[in-house]
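**Q**
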Amino acid sequence: MILKIKNLKIPDIAPLNFEISENGLYGLIGRNGIGKSTLFGILSGEIGFSQGEIENGRVAYLPDVESFEESLKMHDYFKILKNSEQDRARELSLTFGADKFAKKRIGQFSLGMKELFATILSFSIDCDILIIDELFSGLDVSKKALVYEEVKKIAQEKIVLLTSHNLKEIEHFCDQAYLLS
1483 MILKIKNLKI
1493 PDIAPLNFEI
1503 SENGLYGLIG
1513 RNGIGKSTLF
1523 GILSGEIGFS
1533 QGEIENGRVA
1543 YLPDVESFEE
1553 SLKMHDYFKI
1563 LKNSEQDRAR
1573 ELSLTFGADK
1583 FAKKRIGQFS
1593 LGMKELFATI
1603 LSFSIDCDIL
1613 IIDELFSGLD
1623 VSKKALVYEE
1633 VKKIAQEKIV
1643 LLTSHNLKEI
1653 EHFCDQAYLL
1663 S
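First residue of the sequence shown: 1483, per my numbering; consecutive thereafter.
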């Protein structure tokens, strides 16, 4: 899979040009408001763009945890996945210990539980590129370690783009980092 961006114009920054042609974990860093989330929204198809070219495959975007319908349960969301993705979601639920709160409504989840659910859902989707935007702040240390181990496994099979306010995380976990300025 390849991710290629050519002359993509995002307000307040120079046109973006870069190419990622190998699977791996890639960090995207830059000051608040520079356009990281906008870029991820464009790559996922949630935000349109008028100038530039993008070549990419199937993208899974780890959503904002507040975007889930609070009256639903985890398994309600899992039902919309393909069978193989549902199997993966159940496997990850067990791995991350999320099966313990599977019967609760999402509105009853703590921030960490919501983040874990969003992680499971996005990690389960069959895609070429996985985008993780500012996540894991609500996870406890042990869950965060489990999630990062899974991210490393996923990055062997697909392109993973990650942004974080924690530069040490980017430095420690990513194969390469890009600076938006």
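We put the CB at the ideal spot given by N, CA and C, even for glycine.
Being a predicted model, the structure only gives us computed values, none of them experimental.
On the criterion of 16 or more Cβ atoms from any shown chain inside 10 Å, does Val1623 qualify as buried, or is it exposed?
**A** Taking the first residue of the sequence shown as position 1, residue 1623 is located at position 141. Val1623 comes out exposed.
**Q** Could you work out which residue in Tyr1630, Leu1662, Leu1598 is closest to Cys1656 when comparing CA atoms only?
**A** Translated into the one-based positions of the sequence shown, residue 1656 becomes position 174. Here the closest residue by C-alpha is Tyr1630.
**Q** With DSSP collapsed to three states, give me the class of Glu1552.
**A** As a first step, residue 1552 is located in the sequence shown; it is residue number 70 there, counting from the start. The answer is coil: DSSP assigns Glu1552 none of H, G, I, E or B.
**Q** According to DSSP, simplified to helix, strand and coil, what is Lys1488?
**A** The residue you call residue 1488 lines up with position 6 of the sequence shown. In the structure shown, Lys1488 sits in a strand (DSSP, three-state: E or B).
**Q** How is Asn1499 classed by DSSP in three states: helix, strand or coil?
**A** Residue numbering aside, residue 1499 sits at position 17 when the sequence shown is read from its first letter. The answer is strand: DSSP assigns Asn1499 an E or B state.
**Q** Please classify Lys1471: is it buried, with 16 or more other beta-carbons within 10 angstroms of its beta-carbon, or exposed?
**A** No statement about residue 1471 is possible, as the shown extent of the chain runs from 1483 to 1663 and does not include it.
**Q** Can you give me the Cβ contacts of Lys1640 inside the same chain, cut-off strictly under 8 Å, excluding the 5 residues immediately before and after it?
**A** Reading the sequence shown from its first residue, position 158 is the one you call residue 1640. So the list reads Met1483, Asn1505, Cys1609, Asp1610, Ile1611, Leu1612, once near-sequence residues are dropped.
**Q** Determine the DSSP secondary structure at Gln1638, reduced to helix, strand or coil.
**A** Taking the sequence shown and counting its residues from 1, one reaches residue 1638 at position 156. Reduced to three states, the DSSP call for Gln1638 is coil.
**Q** Rounded to the nearest angstrom, what separates Phe1599 and Ala1496 at their Cα positions?
**A** Here residue 1599 corresponds to residue number 117 of the sequence shown, with the count starting at 1. Here residue 1496 corresponds to residue number 14 of the sequence shown, with the count starting at 1. Those two C-alpha atoms are separated by around 35 Å.
**Q** So, with DSSP's three-state summary, where would you put Leu1628?
**A** By one-based count along the sequence shown, residue 1628 stands at place 146. Note: Leu1628 maps to helix in three-state DSSP.
**Q** When the Cα of Ala1659 is compared with those of Met1595, Glu1501, Met1556, Pro1493, which residue comes out closest?
**A** Reading the sequence shown from its first residue, position 177 is the one you call residue 1659. Among Met1595, Glu1501, Met1556, Pro1493, the Cα nearest to that of Ala1659 is on Glu1501.
**Q** Would you check if the distance between the CB atom of Lys1635 and the CB atom of Arg1587 is smaller than 9 Å?
**A** On the sequence shown, residue 1635 is found 153 positions in, with the first residue counted as 1. On the sequence shown, residue 1587 is found 105 positions in, with the first residue counted as 1. No, Cβ-Cβ distance for Lys1635 and Arg1587 is not below 9 Å.
**Q** If I follow the unbroken alpha helix (DSSP H) through Gly1594, where does it start and stop?
**A** Counted from its first residue, the sequence shown places residue 1594 at position 112. Gly1594 -> alpha helix (DSSP H) spans 1593 to 1606.
**Q** Does Leu1574 come out as helix, strand or coil in the three-state DSSP assignment?
**A** Here residue 1574 corresponds to residue number 92 of the sequence shown, with the count starting at 1. Helix, per DSSP.
**Q** Compare the C-alpha of Ser1646 against each of Phe1618, Gly1523, Thr1577, Ile1524 and name the closest.
**A** Looking up residue 1646 in the sequence shown gives position 164. Selected option, being the one with the closest Cα: Phe1618.
**Q** Kindly list the residues whose CB is nearer than 6 Å to the CB of Val1547, restricted to its own chain and excluding five residues on each side of it in sequence; keep chain order.
**A** Along the sequence shown, read from residue 1 onward, the residue named residue 1547 stands at position 65. Within the same chain, Val1547 has close Cβ partners Lys1596, Glu1597, Ala1600.
**Q** Would you call the CB atoms of Ile1602 and Ser1575 closer than 9 Å?
**A** Along the sequence shown, one-based indexing puts residue 1602 at 120. Along the sequence shown, one-based indexing puts residue 1575 at 93. Result yes, Cβ atoms of Ile1602 and Ser1575 sit closer than 9 Å.
**Q** Could you pull out every residue in the same chain whose Cβ sits closer than 7 Å to the Cβ of Asn1499, ignoring the five residues on either side in sequence?
**A** Residue mapping note: residue 1499 aligns to position 17 of the sequence shown, counting from 1. Hits under 7 Å: Ile1487, Lys1488, Asn1489.
**Q** Are the beta-carbon atoms of Lys1518 and Gly1512 separated by less than 9 Å?
**A** Mapped onto the sequence shown, residue 1518 falls at position 36. Mapped onto the sequence shown, residue 1512 falls at position 30. Result yes, Cβ atoms of Lys1518 and Gly1512 sit closer than 9 Å.
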